[in-house]
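Single-structure report; data block below.
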């Protein structure tokens, strides 16, 4: 059975991007053949994060790239993400 997780899985994180805009990081990842990305932003409040997530989700959808949201089930639902990454301290999967 083939793996559902592609060989290249990029995590979009402002701290790791070191000042680069996440939109640009996403474009580079798509150009490099990335088929799955995860938005990981732990510092921004929902009101600031939602427009970014909507924009990145739209670009991923247009490119056929799977879009995952880190930790935030509410945000994943709001932007119709393809999935949500749940950590040890997050909601249990059966609840999420």
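Numbering (the working numbering), first residue to last: 576 to 671. No residue lacks a Cβ here, since even glycine has one placed at the ideal position from N, Cα and C.
So the candidates are 628, 639, 608 and 607; which of them puts its Cα closest to the Cα of residue 615?
Considering only alpha carbons, the answer is 628.
Let me check understanding here. Comparing Cα to Cα, which of 647, 662 and 585 lies closest to residue 655?
Ranking 647, 662 and 585 by CA distance to the CA of residue 655 puts 647 first.
Less than 7 Å between C-beta atoms, sequence neighbours within five positions excluded: which residues of the same chain meet that for residue 657?
If we look at residue 657 and ignore the five residues flanking it on each side, its Cβ neighbours are 641, 642 and 643.
Exposed or buried, residue 637, counting other C-beta atoms within 10 Å across all chains shown (16 or more means buried)?
Using a 10 angstroms sphere on the CB of residue 637, the tally of other CB atoms stays under 16, which defines it as exposed.
Going by the DSSP bridge assignment, what does residue 658 pair with across the sheet?
Beta-bridge pairing by DSSP links residue 658 to 643.
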